[in-house]
Amino acid sequence: MINNKKLEYLKIKLAKAIKKESVSLNKLYTARLKKDGGNSYQKIPEEELSKDTSRVIEAHIAILERNDWSIIEEFSDYITVKFEEGFSSKEIYQIFTTSGVVLKTFIKDGFYPEEACELISILWEQVEKIYEFADKKLDELASERYQEKMLHLTTIYKTSIACSSTIRLEEIAATAFNKLKEFLPMESFYLAIFKEDTNTLNFDYIVDQGNVLPSFSRKLEEGVETISTWVLKNKTPLLIRDLEKETLPTGIVLVGTPPNPRSILIVPLILKNKPLGIISLQAFSPNAYDEKILELIKMIANNLALAIDNAFLYENTYESSITDYLTGLYNRLHFTNILNLEINRSNRYKTKFTLLMGDVDDFKIYNDNLGYLKGDEILKEISNVLKENVRSSDIVFRFGGDEFVILLPSNERESARPLIKRIKEGLSRMSPLVSMTWSVLCYPEDAPDKDVLISMADTILKEGKRMRNHNLLEPPPLK
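For the sequence shown, the working numbering assigns the number -4 to the initial residue and increments by one for each residue that follows.
Now the structure itself:
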């Protein structure tokens, strides 16, 4: 986590970067707003629209540099005029939302992942506050003929803000469901994420009649299609007013228990023309959803896609921070965190766990004679042998250099013996031949705390290496 001083420095750095690229950013912003902002923006001359987008960019800079919101306050005239000219609530909000989309891409391309994660969070906090200002202004202008629009705006605002307040993917879907059910009829709901690398649609969050169902995945196979995969592939929403009367574009698979839904709404989650997943609302009664609600959910889906993309960025950044770059194993930092958690769990539930610390024998010989690139390949192979021979509940770490650690939760010391034997057999099949020396300790019977545990494991390992080297007349040959 970046400290406050560093955060202020990054905000100033971002403001300067936006200033430097303000001309090109404004052109991109204007073009994006004219293309995706709605019909009303397409009618505005580009030069006039560019002045409005320039003021929004200037506002972001002023907020980043000085926490100065005066430009946004002056924008009240803009909101009033556009509202009276017939701009929809969606279109009024779009000028602010689009600024966030353009600047988010600028941040992701120009900053390191950890910095980008923090700055994107700051950016969307600014956009959220701007939404609040716009919401207050629109509320002042509301009349009876705008009550339905204002209800939709509130739904969008509250749902989008709630979803963007978390960077955990698993929480976004639950938040969206809990907010939407405050405003819309809904007996069932699901959010599914598309995984391009496996070509699967993962139904990560499913609610049926108040019950959260187990998640599952569906492979997007040729010739096998449901309405969910149809919406995803075609990047087109589907509104079913009455399932019993309408002809569907493809087959349907219902999840949950009867009664079956009559009204179904499925909307793709799309970012930069790339499908990220789908969201679906379902109701028992027919005609629960119409074109207006479809437009509402499409707007919410746009903001959900942004929140999900932000969650992906966070998860990827976090995963990189705890993973060893060479072997793909967890690194020493993550080992320390997991060891603390395991000790706390052991103390609380009066359980034991076993720690194995291993060191590659005579690894310097491989580097000296075969080169460091071959040495790296050997470390990768050793890592694969370790991963292949542990249980799914065991955790393997690269402790540093040619040292590795294996954590066996809820296991006695004796459980290490067959594991070391399997590892030895796996290493014997490598070329060149590789062996490892291990130390094995059980917590809490062998050590009272983390520091003593690691120190003892290291001491025992060094003694094991010393005894081995003492028994060898010469280093092992490289085969």
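Think of the CB as a built atom: it goes at the ideal place given N, C-alpha and C, for glycine as much as any other residue.
Let me make sure I understand the geometry here. Which of the options has the alpha-carbon closest to that of residue i?
{"i": "Arg257", "options": "Glu182, Arg463, Gly323 and Asp304", "result": "Glu182"}
{"i": "Ile87", "options": "Phe128, Leu59, Leu20 and Ile259", "result": "Phe128"}
{"i": "Lys131", "options": "Thr75, Ile39, Ile167 and Gly105", "result": "Thr75"}
{"i": "Phe394", "options": "Leu98, Asp237, Leu324 and Leu403", "result": "Leu324"}
{"i": "Ile338", "options": "Pro404, Ser388 and Asn305", "result": "Pro404"}
{"i": "Val122", "options": "Thr322, Ile377, Ile67 and Pro439", "result": "Ile67"}
{"i": "Phe184", "options": "Lys30, Phe198 and Arg340", "result": "Phe198"}
{"i": "Asn173", "options": "Leu196, Thr195, Ile201 and Asn379", "result": "Ile201"}
{"i": "Leu350", "options": "Val400, His329, Leu301 and Phe101", "result": "Val400"}
{"i": "Tyr344", "options": "Trp433, Tyr438 and Asn255", "result": "Tyr438"}
{"i": "Ala452", "options": "His55, Glu60 and Met352", "result": "Met352"}
{"i": "Lys460", "options": "Gln37, His55, Gly32 and Asp357", "result": "Asp357"}
{"i": "Pro244", "options": "Thr252, Ser316 and Pro232", "result": "Pro232"}
{"i": "Asn364", "options": "Pro427, Leu402 and Ile415", "result": "Pro427"}
{"i": "Ser430", "options": "Gly366, Ile360 and Ile58", "result": "Ile360"}
{"i": "Ser434", "options": "Glu409, Met425 and Arg424", "result": "Glu409"}
{"i": "Ser17", "options": "Phe101, Thr170, Ser341 and Lys124", "result": "Phe101"}
{"i": "Arg327", "options": "Lys347, Lys269, Ile390 and Leu266", "result": "Ile390"}
{"i": "Leu114", "options": "Ile7, Lys347 and Gly205", "result": "Ile7"}
{"i": "Lys29", "options": "Lys14, Asp47 and Ala12", "result": "Asp47"}
{"i": "Asn268", "options": "Leu44, Arg27, Lys14 and Glu3", "result": "Arg27"}
{"i": "Leu234", "options": "Leu2, Glu286 and Gln89", "result": "Glu286"}
{"i": "Leu441", "options": "Phe348, Gly366 and Val380", "result": "This sequence places Asp at residue 441; Leu is not what is there. Selected option, being the one with the closest Cα: Phe348."}
{"i": "Asp72", "options": "Ser19, Ile117 and Glu135", "result": "Glu135"}
Need the endpoints of the beta strand (DSSP E) that residue i sits in, please.
{"i": "Val96", "result": "Element bounds for Val96: not the beta strand (DSSP E) but the alpha helix (DSSP H), Ser84 to Gly105."}
{"i": "Phe392", "result": "Ile390 to Gly395"}
{"i": "Arg386", "result": "No beta strand (DSSP E) contains Arg386, which DSSP labels as neither H nor E."}
{"i": "Val207", "result": "Asn206 to Leu208"}
{"i": "Phe211", "result": "Phe211 to Lys214"}
Just checking my contact of residue i with residue j at CB under 8 Å: how many whole Å lie between their CB atoms?
{"i": "Ser484", "j": "Ile261", "result": "Residue 484 lies beyond the range of the chain shown here (-4 to 474); nothing can be said about it."}
{"i": "Lys445", "j": "Leu334", "result": "6 Å"}
{"i": "Ile273", "j": "Leu179", "result": "No, Ile273 and Leu179 are not in contact; Cβ-Cβ is about 17 Å, not under 8 Å."}
{"i": "Val51", "j": "Phe91", "result": "7 Å"}
{"i": "Glu383", "j": "Gly421", "result": "7 Å"}
{"i": "Thr224", "j": "Ile247", "result": "No, Thr224 and Ile247 are not in contact; Cβ-Cβ is about 11 Å, not under 8 Å."}
{"i": "Val355", "j": "Asp319", "result": "Their Cβ separation, rounded to whole angstroms, is 15 Å, which puts Val355 and Asp319 out of contact at 8 Å."}
{"i": "Ser388", "j": "Thr322", "result": "Contact flag wrong, Cβ pair sits at about 20 Å."}
{"i": "Asn194", "j": "Leu215", "result": "5 Å"}
{"i": "Leu5", "j": "Glu110", "result": "6 Å"}
{"i": "Asn297", "j": "Asp237", "result": "About 27 Å; that fails the 8 Å criterion."}
{"i": "Val96", "j": "Leu414", "result": "Wrong, their Cβ atoms sit about 50 Å apart, outside the cutoff."}
{"i": "Val250", "j": "Leu208", "result": "7 Å"}
{"i": "Phe82", "j": "Ser35", "result": "5 Å"}
{"i": "Lys230", "j": "Pro263", "result": "5 Å"}
{"i": "Lys14", "j": "Ile56", "result": "6 Å"}
In the DSSP assignment, find the unbroken alpha helix (DSSP H) run with residue i in it and report its ends.
{"i": "Asp199", "result": "Not the alpha helix (DSSP H): Asp199 falls in the beta strand (DSSP E), residues Thr195 to Asp203."}
{"i": "Leu334", "result": "Arg327 to Tyr344"}
{"i": "Phe358", "result": "Phe358 to Leu365"}
{"i": "Ser65", "result": "Ser65 to Glu69"}
So if DSSP puts residue i in a beta bridge, which residue, or which two residues, is it bridged to?
{"i": "Asp371", "result": "Paired residues: none, contrary to the question."}
{"i": "Tyr185", "result": "Ile201 and Ser275"}
{"i": "Gly353", "result": "Phe399 and Trp433"}
{"i": "Phe348", "result": "Tyr438"}
{"i": "Thr318", "result": "Tyr325"}
{"i": "Thr492", "result": "Beyond the ends of the chain as shown, which are -4 and 474, falls residue 492; an answer cannot be given."}
{"i": "Lys190", "result": "Thr195"}
State yes or no: is the C-beta of residue i nearer than 7 Å to some heavy atom of the ligand HEM?
{"i": "Lys29", "result": "In the structure on display, the ligand HEM does not appear, and there are no ligands present to speak of."}
Inset, instruction - Can you check the region 10 to 48 for any alpha helix (DSSP H) of at least 4 residues that lies completely inside it and give the ranges in chain order? - result: Those alpha helix (DSSP H) runs which fall completely within the region 10 to 48 and span 4+ residues are 17 to 31 and 34 to 37.
Inset, instruction - Ignoring anything shorter than 4 residues or poking outside the region 401 to 453, list the alpha helix (DSSP H) runs there in chain order. - result: Those alpha helix (DSSP H) runs which fall completely within the region 401 to 453 and span 4+ residues are 411 to 422.
Legend entry - Within the region 228 to 309, ranges of the beta strand (DSSP E) (whole runs, at least 3 residues): For the beta strand (DSSP E) assignment, the uninterrupted runs of no fewer than 3 residues enclosed by the region 228 to 309 are, from N- to C-terminal side, 233 to 235, 258 to 266 and 269 to 278.
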